[in-house]
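Residue numbers (this note's numbering), protein chains in the order written: chain A, 1447 to 2248; chain B, 3 to 114.
Here is the structure we will look at, set down as structure tokens.
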């Protein structure tokens, strides 16, 4: 079905158009145009709900890189439907809210371009069937989230929060990418559906566990699970619509989506079960525990998001236990945890979106989010208070709001799993209901803080930055709709259950779907069962803890400030920077000698080591030509001259000794029957010596080396070793001729080139290209010399002084 | 003969390396010049020494010495001359502008 591919592309196209429209219609708030995109997509998707509920799925492929199996394949099933509806639905509401929230003075076109990029990327994540394409969209969500968090880029904290979230989510995204590649290596396909259908024959593969762990790392970092949750509170520096959209309803659920999508792949495994449910429970507890201590409303909501995401994650983990049993009917009980997870996913998006918008309204109208400065706003903002009340009570799990239903189901799942007798649950299973209950108590406490601290109590006008007034109606529409949904889902839960969640269940449990009835009717009243008593316990304990909040707050002082994960993150970043600076400064000294030492040492180690380890050295003098006494004399004169340069007292001596070397080589060329070389060498050496002598007058005095003795000794050792390696390689090569020389061919110089001088024929005819470029080198050097001497740009200011 | 020349060029390489490692710019340039001498000698040696006549076809000899290394060295001599000349002028300009040829003092800045 092409329309799904189109749904991903449309937001990107709109993102391109927005800046143009913004210029064209500067009178109208650009958000209204943007609003059309998610609203239209939402309506288009809703039309498919009935057929999806009937078990139909749609997929469509647009070829991208077919030779690598990377194609833009979309797949619309129950699971992606839920997420897509959340993305477009909450997206529409957030855009509506942002129209009233952001003033036209902000750079709106940037905001909406980033938001549309994010929306398209997020739709791409949930619709993609191809692992590589999924990864592409996954990273796009990270990048657009980075841009949105740093929307007010002139603030330091925004930039820090954006950097932190990018570092953490991209690290996870990258590990997920490696996990995807492992999956591809195992199953030889990039399609998620094909991976799901063939994975059962690869569960013993050595890459199965690494792939699972890497993909989970990606999911945990994106969904802010313990201990990667630290980026989410810092991401609250973003504008509130962004926090509401990305950091509560959609992006942080990408990790949840990944876990749900890969449950059929890894779900039957014990490691998956313990990691997903264990990390989820830990996150649930840690998030709710830390939310209570926050004084900033947005930070509080961030920690509550972390906690709720942990709850959803743990339910997916518990639900995966059902896959361990395969087809048996008893496993259906455990799939209800997944049902609850999907249900709570929807519920959380509704009430958390509303709560963020409420906080945004408070911030917008009052100028602060600090709960110590807020109070008594109920009379001033009755509508806002109502929405906050609905959202918070739903989050706390109270009737008659949808959070009550999902919390009851969560308790059921936790109680059921504690009685299961696999994965050594008989020993540790009892922890599930205990942690779940404790986390819920803290959740209740912070929910009460959200409602009562800002809205009830005494009103302090002097603590506020500006006189507060009621929220504009436009800002209340979006949270109002969400609040109505919160109540509506409580009264008609089976509508959501039957049309959205049941089809998604068959995506998570494709094998079980045919064998068992996965859905269940949701009812608010079960009778006096343990779950109800647990909820009552939560309320009683929560009220108690809330009232005596100030007395037990000292608990938080027990943990020193420096033992938090934030500190660990900052510490490791600064350490990483500091250490790498130290290491780089340690060897990049800026002195030519040091770099030359590295090069020479590498030469000695690599070439000398190779000679030593491969036994390549051979020594044989039998093929050598004879040596006459003149050649002995020239050789020793050259050696003596070369060594004497090192001890030369004046630069004139050094230059002359260098001349001796050059002219001796010319003599050698005569001996070696190379007349052209001898001629050239004589001329060049004369000119070089003249050049040295010309520079003589201008060059600095030839001073004795002022380097310390130790450096000199090291230099001596290095240079002797380099020479020795050079000699050994030369001798080894000299004695290891592999084939005859090709020079016999050049003896046809007269027939082929019409010249009797073979060397000249090679230079001018056979290999004239070398000669041409050599002339170019000479030309460039000449130009270089000329410009170096003539052009003196820096002299300008000196002449100015004259 | 070949062994002797290889050992000779080995000595030249050692001297050149020592000069390149020194702190004076003029010594470094001298070192590169000597290193090119060593390279030329090595190329020559690899082609075989003294076996055959001068590579001129008019000589009516039974065999000629290898002409290809000679052509290569000829190219190399010219290039190393060009580079040496440029280095020398660069050193001259550096000295007139900066006032020192000590590579230790030529380092951009000290941040220790």
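Don't be surprised by glycine CBs; every beta carbon is placed ideally from N, CA and C.
Could you spell out where the alpha helix (DSSP H) holding residue 2272(A) opens and where it closes?
No answer is possible for residue 2272(A): the residues shown for chain A start at 1447 and end at 2248.
Can you tell which of 104(B), 97(B), 90(B) and 58(B) has the C-alpha that lies nearest to the C-alpha of residue 2196(A)?
Your numbering for residue 2196(A) matches position 750 in the first chain. Closest by alpha carbon: 58(B).
Verify whether the separation of the beta carbon atoms of residue 1859(A) and residue 1782(A) is less than 9 Å.
Position 413 of the first chain, counting from 1, holds the residue named residue 1859(A). Position 336 of the first chain, counting from 1, holds the residue named residue 1782(A). Contact flag set, yes.
Does the distance between the C-beta of residue 1997(A) and the nearest non-hydrogen atom of the ligand SAH fall short of 8 Å?
In the structure on display, the ligand SAH does not appear, and there are no ligands present to speak of.
When the cut-off is 9 Å and only beta carbons count, does residue 2119(A) lie next to chain B?
Working through the first chain from its first residue, we reach residue 2119(A) at position 673. So yes, residue 2119(A) belongs to the interface.
Within 8 Å, do at least three Cβ pairs link the segment 1515-1529 of chain A to the segment 1647-1660 of chain A?
In short, these stretches do not touch, since the Cβ pair count stays below three.
In this structure, what does DSSP give as the bridge partners for residue 1390(A)?
Residue 1390(A) lies beyond the stretch modelled for chain A, which goes from 1447 to 2248, so this question has no answer here.
Please report the straight-line C-alpha distance between residue 2165(A) and residue 2014(A), rounded to a whole angstrom.
For this step, residue 2165(A) is matched to residue 719 along the first chain. For this step, residue 2014(A) is matched to residue 568 along the first chain. Cα to Cα, the separation comes out at about 48 Å.
Taking the DSSP output, what are the residues bridged to residue 1816(A)?
On the first chain, position 370 is the one that residue 1816(A) refers to. Beta-bridge pairing links residue 1816(A) to 1742(A).
Answer yes if the segment 1752-1764 of chain A comes into contact with the segment 1661-1680 of chain A, meaning at least three C-beta pairs across the two stretches below 8 Å, and no otherwise.
The segment 1661-1680 of chain A, when compared against the segment 1752-1764 of chain A, does touch it at the 8 Å Cβ threshold.
Apart from the five residues on each side of it in sequence, which residues of its chain come closer than 7 Å, Cβ to Cβ, to residue 1605(A)?
To locate residue 1605(A), count along the first chain from 1; it is residue 159. Counting only Cβ-Cβ distances below 7 Å, and skipping sequence neighbours, we find 1596 and 1599.
For residue 16(B), would you say it is in contact with chain A, using Cβ-to-Cβ distances shorter than 9 Å as the test?
The residue given as residue 16(B) occupies position 14 in the second chain. Interface residue, yes.
Are residue 1531(A) and residue 1481(A) close, meaning C-beta to C-beta below 9 Å?
For this step, residue 1531(A) is matched to residue 85 along the first chain. For this step, residue 1481(A) is matched to residue 35 along the first chain. No.
Smallest Cα separation from residue 1857(A): which of 2194(A), 1758(A) and 1498(A)?
Start at 1 with the first residue of the first chain, and residue 1857(A) comes out as number 411. The option with the nearest alpha carbon to residue 1857(A) is 1758(A).
Take the Cβ of residue 1508(A) as the centre, count every other Cβ of all protein chains shown within 10 Å, and call the residue buried at 16 or more, exposed below.
Indexing the first chain from 1 puts residue 1508(A) at position 62. Exposed, since its Cβ has fewer than 16 Cβ neighbours within 10 Å.
Where in the segment 2127-2182 of chain A do unbroken runs of the alpha helix (DSSP H), each at least 4 residues long, occur, reported from the N-terminal end onward?
Runs found: 2155-2180.
Can you list, in chain order, the residues of its chain whose CB lies under 6 Å from that of residue 1920(A), leaving out five sequence neighbours each side?
Locating residue 1920(A) in the first chain gives position 474, counting from the first residue. Excluding positions up to five away in sequence, the list reads 1546.
Can you check whether the C-beta of residue 24(B) is within less than 9 Å of a C-beta belonging to chain A?
Against the second chain, residue 24(B) aligns to sequence position 22. Yes, because at least one Cβ of chain A sits closer than 9 Å to the Cβ of residue 24(B).
Quick one: what's got a C-beta closer than 7 Å to residue 1953(A)'s C-beta in the same chain, skipping five residues either side?
Residue numbering aside, residue 1953(A) sits at position 507 when the first chain is read from its first letter. Excluding sequence neighbours, residue 1953(A) sits near 1523, 1524 and 1525.
Taking all protein chains shown into account, do 16 or more other C-beta atoms lie within 10 angstroms of the C-beta of residue 2078(A), making it buried, or fewer, making it exposed?
Numbered from its first residue, the first chain carries residue 2078(A) at position 632. Residue 2078(A) is exposed by the Cβ-count criterion.
In terms of residues, what are the limits of the alpha helix (DSSP H) holding residue 1602(A)?
Here the question's residue 1602(A) lines up with position 156 in the first chain. It spans 1602-1633 - the alpha helix (DSSP H) in which residue 1602(A) sits, taken as one unbroken run.
Do we get a CB-CB distance below 9 Å when we pair residue 2198(A) with the residues of chain B?
The residue you call residue 2198(A) lines up with position 752 of the first chain. False, the Cβ-Cβ gap to chain B never drops below 9 Å.
Leaving out five residues on either side along the sequence, give the residues of the same chain with a beta carbon under 7 Å from the beta carbon of residue 119(B).
Outside the shown range of chain B, which is 3 to 114, sits residue 119(B), and nothing can be said about it.
Closer than 8 Å, Cβ to any Cβ of chain B: which residues of the segment 2162-2187 of chain A, in chain order?
Flagged, chain order: 2162, 2164, 2165, 2166, 2168, 2169, 2170, 2172, 2173, 2176, 2177, 2179, 2180 and 2187.
Going by alpha carbons, who is nearest to residue 1742(A) out of 2061(A), 1809(A) and 2012(A)?
For this step, residue 1742(A) is matched to residue 296 along the first chain. Looking at the Cα atoms, 1809(A) is the closest of the given residues.
Looking at residue 1801(A): is its Cβ nearer than 9 Å to the Cβ of residue 1837(A)?
Your numbering for residue 1801(A) matches position 355 in the first chain. Your numbering for residue 1837(A) matches position 391 in the first chain. Taking 9 Å as the Cβ cut-off, residue 1801(A) and residue 1837(A) qualify as a contacting pair.
Between residue 2(B) and chain A, is any beta-carbon pair separated by less than 9 Å?
The shown model of chain B, from 3 to 114, leaves out residue 2(B), and the question about it has no answer.
Starting from residue 1878(A), trace the alpha helix (DSSP H) in both directions and tell me its first and last residue.
In the first chain, counting from the first residue as 1, residue 1878(A) sits at position 432. Run containing residue 1878(A): 1877-1901, per the alpha helix (DSSP H) assignment.
Closer than 9 Å between beta carbons: that is the criterion. Which residues of the segment 2011-2041 of chain A meet it against chain B?
Going along the segment 2011-2041 of chain A in chain order, one finds 2031, 2035, 2036, 2037, 2038 and 2039 with a Cβ nearer than 9 Å to chain B.
Report all residues from its chain with a CB closer than 7 Å to the CB of residue 1992(A); omit the five preceding and five following residues, and keep chain order.
Numbered from its first residue, the first chain carries residue 1992(A) at position 546. So the list reads 1891 and 1894, once near-sequence residues are dropped.
Whose Cβ in chain B lies nearer than 9 Å to the Cβ of residue 1428(A)?
Missing from the structure shown is residue 1428(A); chain A here goes from 1447 to 2248 and no further.
State yes or no: is the beta carbon of residue 11(B) nearer than 9 Å to at least one beta carbon in chain A?
Translated into positions along the second chain, residue 11(B) becomes position 9. Yes, because at least one Cβ of chain A sits closer than 9 Å to the Cβ of residue 11(B).
Would you call the segment 1782-1800 of chain A in contact with the segment 1925-1938 of chain A, where contact means no fewer than 3 C-beta pairs closer than 8 Å?
Segments in contact, yes.
Quick one: any contact between the segment 1686-1696 of chain A and the segment 1720-1733 of chain A, if contact means 3 or more CB pairs under 8 Å?
Contact between the segment 1686-1696 of chain A and the segment 1720-1733 of chain A is absent, because fewer than three Cβ pairs lie under 8 Å.
Can the beta-carbon of residue 1586(A) be found closer than 9 Å to that of residue 1607(A)?
Within the first chain, residue 1586(A) is the residue found at index 140, counting from 1. Within the first chain, residue 1607(A) is the residue found at index 161, counting from 1. It is not a contact, given that the beta carbons lie outside the stated cut-off.
Can you look up residue 1574(A) in the DSSP assignment and give me helix, strand or coil?
The residue you call residue 1574(A) lines up with position 128 of the first chain. Correct three-state label for residue 1574(A): strand.
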